[in-house]
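Residue numbers (the numbering used here), protein chains in the order written: chain S, 15 to 132; chain H, 64 to 176.
In this text, a Cβ means the ideal position worked out from N, Cα and C, and glycines have one as well.
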Amino acid sequence: GAVVSQHPSWVICKSGTSVKIECRSLDFQATTMFWYRQFPKQSLMLMATSNEGSKATYEQGVEKDKFLINHASLTLSTLTVTSAHPEDSSFYICSARDGNREVTDTQYFGPGTRLTVL
Amino acid sequence: GDSVTQMEGPVTLSEEACLTINCTYTATGYPSLFWYVQYPGEGLQLLLKATKADDKGSNKGFEATYRKETTSFHLEKGSVQVSDSAVYFCALSEFQGAQKLVFGQGTRLTINP
Numbered sequence: 015g016a017v018v019s020q021h022p023s024w025v026i027c028k029s030g031t032s033v034k035i036e037c038r039s040l041d042f043q044a045t046t047m048f049w050y051r052q053f054p055k056q057s058l059m060l061m062a063t064s065n066e067g068s069k070a071t072y073e074q075g076v077e078k079d080k081f082l083i084n085h086a087s088l089t090l091s092t093l094t095v096t097s098a099h100p101e102d103s104s105f106y107i108c109s110a111r112d113g114n115r116e117v118t119d120t121q122y123f124g125p126g127t128r129l130t131v132l
Numbered sequence: 064g065d066s067v068t069q070m071e072g073p074v075t076l077s078e079e080a081c082l083t084i085n086c087t088y089t090a091t092g093y094p095s096l097f098w099y100v101q102y103p104g105e106g107l108q109l110l111l112k113a114t115k116a117d118d119k120g121s122n123k124g125f126e127a128t129y130r131k132e133t134t135s136f137h138l139e140k141g142s143v144q145v146s147d148s149a150v151y152f153c154a155l156s157e158f159q160g161a162q163k164l165v166f167g168q169g170t171r172l173t174i175n176p
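Laid out in structure tokens, this is it:
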């Protein structure tokens, strides 16, 4: 149980285009989802927290208009990188927290999406 | 703000060696503490956790004890295997609120046969 999927697993796009990444909880309802960015050989940096049906909360320094997050259902959150540039190339990882109160402090992670902007 | 510091890697050991990966934290409240593992090509997986002082988390032969007095959560294993090769992340989350995870920088572990 507690599986989180991401799609696509990797994407290459041209500079100036937008890319959408999906994060799905497959066997549980995720009241809260998180989006992280991981640079090579570095740790995960939290970008934003999204709660189903409400606006995402962005961490300091993360551009809201560039990284659009939608959490329209209890099993799906999307991250759209708008007008992507080479510096946006990174590994994007989502996680989801199970709505079960007994395990609310545990996050389940997706496999990540490698974005390369040419 | 809250932060997590891990020992720098990479760490290379021989099979059946003892492992310790140090982790210390800074937090204003009483966080939960976690170790996550990232195997090559895969997403992060929860390895173990502890939610209060003196708790010991354990899984797959790994252990870590929540030490409030030293603000530490060191990961230990008595005899490592080649299959333990991965990147290990120490993390904490706030007890209340959004319970965001704050990660350490990660420690790459390689076990040689």
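- Between H:Ala-149 and H:Val-100, the gap from beta carbon to beta carbon is short of 7 Å.
- S:Thr-92 and S:Glu-66 have their alpha carbons spaced roughly 11 Å apart.
- Within the DSSP secondary-structure output, S:Phe-123 pairs in a beta bridge with S:Ser-109.
- Neighbours of S:Ile-26 across chain H, judged by C-beta separation under 7 Å, do not exist; the nearest C-beta is about 18 Å away.
- For H:Lys-163, the nearest CB of chain S lies under 7 Å from its own CB, placing it at the interface with that chain.
- Cβ neighbours of H:Gln-108 within its own chain (closer than 7 Å, five residues either side excluded): Tyr-99, Val-100.
- Counting C-beta pairs with one atom in each stretch, the stretch 85-98 of chain H and the stretch 153-172 of chain H have three or more that are closer than 8 Å, which means they touch.
- Here the alpha carbons of S:Thr-120 and S:Ala-110 stand approximately 9 Å from one another.
- Chain-order list of chain S residues neighbouring H:Leu-138: empty, with the shortest C-beta distance near 15 Å, by a criterion of under 7 Å.
- Counting only Cβ-Cβ distances below 7 Å, H:Gly-169 has contacts in chain S at Ser-57, in chain order.
- Pairing S:Phe-53 with S:Leu-129, the inter-Cα distance amounts to about 11 Å.
- Selection H:Thr-173, H:Leu-172, H:Gly-167 evaluated against H:Cys-86 yields H:Gly-167 as nearest (Cα-Cα).
- Looking at the DSSP output, S:Gln-74 sits in no beta bridge, so it has no partner there.
- The beta carbon of S:Gln-121 falls within 7 Å of a beta carbon belonging to chain H, placing the residue at that interface.
- H:Val-143: not part of any beta strand (DSSP E); DSSP gives it neither H nor E.
- Rounded to whole angstroms, the gap between the alpha carbons of S:Phe-105 and S:Gly-124 is 11 Å.
- Take the alpha-carbon of H:Gly-106 and the one of S:Phe-42: they are about 18 Å apart.
- Within the model, the alpha-carbon separation for S:Leu-58 versus H:Asp-65 is close to 15 Å.
- Looking only at H:Gly-169, H:Leu-111, H:Ser-135, the smallest Cα-Cα distance to H:Glu-126 is reached by H:Leu-111.
- Here H:Gly-92 is exposed: its Cβ has fewer than 16 other Cβ atoms, across all protein chains shown, within 10 Å.
- Distances from the alpha-carbon of S:Val-131 to those of S:Asp-102, S:Asp-112, S:Tyr-122, S:Ile-107 put S:Asp-102 closest.
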